[in-house]
Each structure stands twice: as structure tokens, then as C-alpha cells.
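Chemist: Here our numbering is used: the first residue of the sequence shown is 5, the next is one more, and so on. All residues carry an ideal CB built from backbone N, CA and C; glycine is no exception. Have a look at this one before I ask anything.
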Amino acid sequence: MLKHIFILITLLFLASPTWSSEINDQQLSEKIQPLTQKKLKQISKAIDELSQYQHARIQPILDALLNNNLYYLRSSKEIIITEKIDDKYFAIDAISSNDIGTLPKSKIKKIKTNNKIRKNLRTILAKLSLSDPNTELRLIAAKNLRKNPSPEATSLLEEAVKSEKDDDVKEVMTEALNIIKALDINLEESKRIEAVYLLEDSLSTDARNALTTLSSKNSEGKFETPENIALAAEEVSKSI
């Protein structure tokens with residue numbers, strides 16, 4: 005009995021991506037092949053699985069997919085990243101980055117996405133960027149979320165702030181998080197007001213723009229945001 009339990013635990017350990025997250029080129033090639041499937045459900049599943057692994061090319065591949073630049077060769081199903089110039093497609097191998105050359109549209113097929121998949125891709129890419137070993141890339145990711153606030157990034161930023169060691173990156177992450185919370189119409193009013201006041205020491209244009217949005221009035225002179233939030237934003241705007 006104990007022997008059977010040991011075998012089962014061993015098999016689960018070997019199968020789990022959370023314990024064995026780093027993969028090589030050959031394994032990545034196998035993991036991205038489902039992206040060539042016709043059904044969006046299978047593509048979505050493949051994306052979720054990819055996000056659980058570590059490989060230097062996963063982020064560029066998912067970024068290309070988000071930007072409609074991920075294709076595959078009709079003849080071999082080899083996945084490629086393309087750049088369209090005029091009527092030609094300049095292609096590189098998605099994994100090795102080796103130059104494939106110029107291809108006509110008839111030789112390649114674009115990997116499909118939809119709004120749901122693209123939303124998931126943005127979240128995954130944000131997570132990958134916020135945890136990147138390169139400090140500069142983490143800073144760029146945080147600034148991007150500060151400039152383009154989205155409630156979907158709240159939990160990602162909360163986790164990133166906890167683990168961030170660089171003071172400059174942490175400051176931008178925190179500011180981005182407060183902007184997102186202040187603008188989140190689904191967040192309870194008290195938490196939105198708290199986030200507004202936490203922007204009091206912020207000097208970025210993004211923070212100022214958020215406060216302006218929150219305190220703006222319609223053609224009738226009434227606040228477009230709940231009054232208590234708008235008044236808090238107006239007060240903070242005057243102090244910075």
C-alpha cells in the first residue's frame with residue numbers, strides 16, 4: 005500500500021508544472037503546438053498552461069499573439085512570429101528566433117484569438133513583466149499599468165508590491181495600484197476614497213489625470229463620480 009502511495013506521489017510531482025516550471029526548447033515546442041488548433045477553447049487552455057512555465061521565449065510568443073503577429077506555416081505547423089511589410093510577411097522562428105525569410109500570405113495562417121483571450125493575455129503578460137528579473141523591465145511594466153489602469157491588474161500589483169525590492173519600482177507599482185483602486189467603479193466607496201488620498205504625494209501625470217477624471221463635472225455642473233469620491237479627488241488635486 006505504501007509503495008503504491010509513493011508511486012502516486014512521485015507521478016504527481018513529475019506531472020506538476022508548479023514544481024517543474026522551467027522547460028527547454030523542445031518542451032516549449034510541444035507546449036505551443038495546441039495554439040494551432042481551430043477551437044478557441046483549446047487555444048485558451050494552451051495559453052493558460054504556457055503561463056505556468058518558465059522560458060525566455062514565452063513572453064515574446066504571447067506578446068506576438070496579443071498583437072496578431074503569431075502565425076504558423078501551413079505545411080509544417082511550425083509557429084512563427086511575423087512582421088507585415090506591404091504584402092509580404094517577414095518571419096522568424098517563434099522559439100529559436102532564427103530568420104525564416106519572406107513569406108506570402110498563402111503559406112501561413114494566423115493563430116486566432118477573441119476578446120476573452122486577449123484580456124487573459126494582457127493579464128498574463130503583465131504578471132510576467134512585473135516579475136521579470138530585470139529591474140528596468142519591471143519599472144516599464146509598472147509605468148504601463150499606471151498609464152493604462154485596469155481593475156484586472158489589482159491582484160497582480162498587490163502581490164508584486166509585496167515582493168518588490170527596488171524602491172523606485174515599488175513606488176510606481178504602489179501609485180499604479182492606488183490609481184486603479186480610485187477609478188474602480190466596482191470597489192466600495194470607502195476604499196476608493198482611501199486610494200484617492202494615498203495619491204496625495206504623487207507627482208506623476210497619470211495620477212493627476214486620474215484625479216481630474218474623478219473630479220470632473222458634466223454639462224449641468226454635477227460631478228460624474230459619486231460626490232464623496234469627487235470631493236476627495238478635488239481636495240487632493242489642489243494639494244499637489
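Would you decide whether serine 133 is buried or exposed? Buried here means 16 or more other CB atoms lie within 10 Å of its CB.
Modeler: Along the sequence shown, one-based indexing puts residue 133 at 129. Serine 133 should be labelled buried.
Chemist: Between which residues of its own chain and leucine 141 is the CB-CB distance below 7 Å, once the five residues before and five after are set aside?
Modeler: The residue given as residue 141 occupies position 137 in the sequence shown. Ser133.
Chemist: Could you work out which residue in Ala130, Asp205 and Ser167 is closest to glutamine 63 when comparing CA atoms only?
Modeler: Locating residue 63 in the sequence shown gives position 59, counting from the first residue. Of the listed residues, the one whose Cα sits closest to glutamine 63 is Ala130.
Chemist: Between which two residues does the beta strand (DSSP E) harbouring aspartate 188 extend?
Modeler: Residue 188 sits at position 184 when you count from the first residue of the sequence shown. No beta strand (DSSP E) holds aspartate 188; DSSP gives it neither H nor E.
Chemist: So within the region 51-79, which uninterrupted alpha helix (DSSP H) runs reach at least 4 residues, ignoring any that extend past its ends?
Modeler: 62-70
Chemist: DSSP has leucine 107 in a bridge; who is on the other side?
Modeler: Here residue 107 is taken as the residue at index 103 of the sequence shown, counted from 1. Answer is Tyr93, bridged to leucine 107.
Chemist: Give me, in chain order, the residues of the same chain whose beta-carbon lies closer than 6 Å to that of threonine 86; leave out the 5 immediate sequence neighbours on both sides.
Modeler: Within the sequence shown, the letter at position 82 stands for residue 86. Only Asn73, Tyr75, Tyr93 and Ala95 meet the Cβ criterion.
Chemist: Distance check for valine 173 and leucine 215, CA to CA, integer angstroms please.
Modeler: Start at 1 with the first residue of the sequence shown, and residue 215 comes out as number 211. Start at 1 with the first residue of the sequence shown, and residue 173 comes out as number 169. Cα to Cα, the separation comes out at about 22 Å.
Chemist: Of the residues Leu207, Asp205, Glu224 and Ala199, which one's Cα is nearest the Cα of leucine 218?
Modeler: Against the sequence shown, residue 218 aligns to sequence position 214. Per the Cα distances, Ala199.
Chemist: Assuming isoleucine 83 and alanine 98 are in contact, meaning their beta carbons sit under 8 Å apart, how far apart are those beta carbons, in whole angstroms?
Modeler: Translated into the one-based positions of the sequence shown, residue 83 becomes position 79. Translated into the one-based positions of the sequence shown, residue 98 becomes position 94. Contact holds; Cβ gap of about 4 Å.
Chemist: Taking the continuous alpha helix (DSSP H) assigned at isoleucine 112, which residues delimit it?
Modeler: Against the sequence shown, residue 112 aligns to sequence position 108. Not the alpha helix (DSSP H): isoleucine 112 falls in the beta strand (DSSP E), residues 112-114.
Chemist: For alanine 237 and threonine 158, I'd like the C-alpha separation in whole angstroms.
Modeler: The residue given as residue 237 occupies position 233 in the sequence shown. The residue given as residue 158 occupies position 154 in the sequence shown. Taking the straight line from one Cα to the other gives about 20 Å.
Chemist: Considering only the beta carbon of each residue, do lysine 123 and glutamate 156 sit closer than 9 Å?
Modeler: As a first step, residue 123 is located in the sequence shown; it is residue number 119 there, counting from the start. As a first step, residue 156 is located in the sequence shown; it is residue number 152 there, counting from the start. In contact: lysine 123 and glutamate 156 (Cβ atoms closer than 9 Å).
Chemist: Which two residues bound the contiguous alpha helix (DSSP H) that contains lysine 43?
Modeler: Position 39 of the sequence shown, counted from the first residue, corresponds to residue 43. Where lysine 43 is concerned, there is no enclosing alpha helix (DSSP H), given that its DSSP letter is neither H nor E.
Chemist: So what's lysine 221 in DSSP terms, helix, strand or just coil?
Modeler: As a position in the sequence shown, residue 221 is number 217, starting the count at 1. Reduced to three states, the DSSP call for lysine 221 is strand.
Chemist: How big is the Cα-Cα spacing for aspartate 171 and alanine 180?
Modeler: On the sequence shown, residue 171 is found 167 positions in, with the first residue counted as 1. On the sequence shown, residue 180 is found 176 positions in, with the first residue counted as 1. So the two alpha carbons sit approximately 14 Å from each other.
Chemist: Would you kindly report the start and end of the unbroken alpha helix (DSSP H) that includes lysine 147?
Modeler: For the purposes of this step, residue 147 is taken as the residue at position 143 of the sequence shown. Unbroken alpha helix (DSSP H) run through lysine 147: 139-151.
Chemist: CB-CB under 7 Å to isoleucine 233, same chain, minus the five flanking residues each way: which ones, in chain order?
Modeler: Within the sequence shown, the letter at position 229 stands for residue 233. So the list reads Glu193, Arg196, Ile197, Val200 and Leu218, once near-sequence residues are dropped.
Chemist: Since I believe leucine 187 is in contact with proline 153 (beta carbons under 8 Å), could you give me their beta-carbon distance rounded to a whole number of angstroms?
Modeler: Mapped onto the sequence shown, residue 153 falls at position 149. Mapped onto the sequence shown, residue 187 falls at position 183. Right, the Cβ-Cβ distance comes to about 6 Å (below 8 Å), so this counts as a contact.
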